[in-house]
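Visitor: Take a look at the following structure, please.
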Amino acid sequence: MRTFLLIAAVIFGFYYVFLFDTIPSDFKMVFKLIPMVLIIIFALLTRHAERKYYTLIGIGLIFCAIGDYTLQWFIVGLISFLIGHIFYITAFSSGKKRVPTAVKTGLLLYGAAMAIWMCSTLFQKGEIVLTMAVFAYISVILTMGWTSFRTGSTFAIIGALLFIASDSILAINKFIVAVPFSHELIMFTYYGAQIFIASSIAQYYENRNKVIH
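The opening residue of the sequence shown carries number 2 in our numbering; numbering runs sequentially from there.
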């Protein structure tokens with residue numbers, strides 16, 4: 002059943018990403034949400050899971066799906082995603098692995114560069130509230146990337162890094178300069194991120210069991 006759900010999520014995801022223009026306007030949001038609904042069910046049907054991690058990731062996925070819909074009202078969607086990331090961070094922080102210094106340094110430098118670039122551009126436009134919201138979001142998503150390394154789960158790390166890539170492309174395209182193939186790049190990395198994060202539930206459980214035994 003989980004394999005079927007994963008395959009269906011990938012198929013519907015590819016359809017929304019690469020055949021977006023063929024979808025009638027009234028159904029675009031429906032097709033956007035179908036992969037996330039399938040991913041959420043895929044995550045919730047995980048047989049072997051550490052309960053706290055499972056619960057937090059599941060709630061995070063749900064808030065991100067809400068963010069998918071509410072992103073049409075940008076600040077509302079941003080807040081929904083931010084809440085989703087906080088649940089991811091809490092889940093990832095339960096891991097015991099040490100975060101490599103190179104990772105910490107890389108994420109800090111990247112975050113500082115993005116914050117200066119994005120926030121200075123928005124501030125110059127007089128978008129004070131949006132500037133603060135974007136700064137908070139950058140801080141939270143980079144923290145999510147940072148804490149993913151504590152899980153020891155390759156899936157969690159890949160998912161977090163794909164999420165950072167997706168949101169970075171979205172922000173650059175929305176606030177700085179038009180990015181070629183932005184829809185394809187944003188949504189491909191986004192769905193990939195959520196699939197890997199959902200898949201990390203089982204991998205996290207396996208890693209924890211190896212340590213315990």
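Each residue gets a CB set at the ideal place from its N, CA and C atoms; glycine is no exception.
1) Which class does T4 belong to by DSSP, given the choice of helix, strand or coil?
2) Give the range of the alpha helix (DSSP H) segment to which T91 is assigned.
3) In its own chain, which residues sit with a C-beta less than 6 Å from the C-beta of I159, not counting the 5 before and 5 after it?
4) Below 8 Å CB to CB, which residues in the same chain sit around E207 once its five sequence neighbours on both sides are set aside?
5) Among the candidates S140, K33, F93, whose CA atom is the shortest distance from the CA of I117?
6) When you compare only the Cα positions, how much space is there between F100 and A161?
7) May I ask which residues mark the beginning and end of the alpha helix (DSSP H) holding D69?
8) Is the shortest distance between the beta-carbon of V178 and the beta-carbons of chain C less than 9 Å?
9) So what's T190 in DSSP terms, helix, strand or just coil?
10) So, helix, strand or coil for S154, using DSSP?
11) Spatial neighbours of G153 within its chain, please: CB distance less than 7 Å, with the 5 preceding and 5 following residues excluded, ordered by chain position.
12) Whole angstroms is fine: what's the gap from N15's alpha carbon to V31's?
13) Restricting to Cα atoms, I'd like to know which of G59, A172, K175, G107 is closest to S201.
Guide: To lay it out plainly:
1) The count along the sequence shown starts at 1 and reaches residue 4 at position 3. If DSSP states are grouped into helix, strand and coil, T4 belongs with the helices.
2) Position 90 of the sequence shown, counted from the first residue, corresponds to residue 91. For T91, the uninterrupted alpha helix (DSSP H) segment begins and ends at 75–93.
3) Residue numbering aside, residue 159 sits at position 158 when the sequence shown is read from its first letter. Excluding sequence neighbours, I159 sits near F197.
4) Here residue 207 refers to the residue found at position 206 when the sequence shown is read from its first residue. So the qualifying residues of the chain are H49.
5) Numbered from 1 along the sequence shown, position 116 holds the residue referred to as residue 117. Of S140, K33, F93, the residue nearest in Cα terms is S140.
6) Translated into positions along the sequence shown, residue 100 becomes position 99. Translated into positions along the sequence shown, residue 161 becomes position 160. What sits at residue 100 in the sequence shown is Val, not Phe. Distance between the alpha carbons of V100 and A161 is about 14 Å.
7) Along the sequence shown, read from residue 1 onward, the residue named residue 69 stands at position 68. Counting along the chain, the alpha helix (DSSP H) containing D69 begins and ends at 52–71.
8) In the structure shown, chain C cannot be found, because there is only a single protein chain.
9) The count along the sequence shown starts at 1 and reaches residue 190 at position 189. Three-state DSSP puts T190 in a helix.
10) Looking up residue 154 in the sequence shown gives position 153. Here S154 sits in coil by DSSP.
11) Taking the first residue of the sequence shown as 1, we reach residue 153 at position 152. The residues are G96, K98, N208.
12) Here residue 15 corresponds to residue number 14 of the sequence shown, with the count starting at 1. Here residue 31 corresponds to residue number 30 of the sequence shown, with the count starting at 1. It should be noted that the sequence gives Phe, not Asn, for residue 15. One C-alpha to the other measures close to 14 Å.
13) Here residue 201 refers to the residue found at position 200 when the sequence shown is read from its first residue. Here the closest residue by C-alpha is G59.
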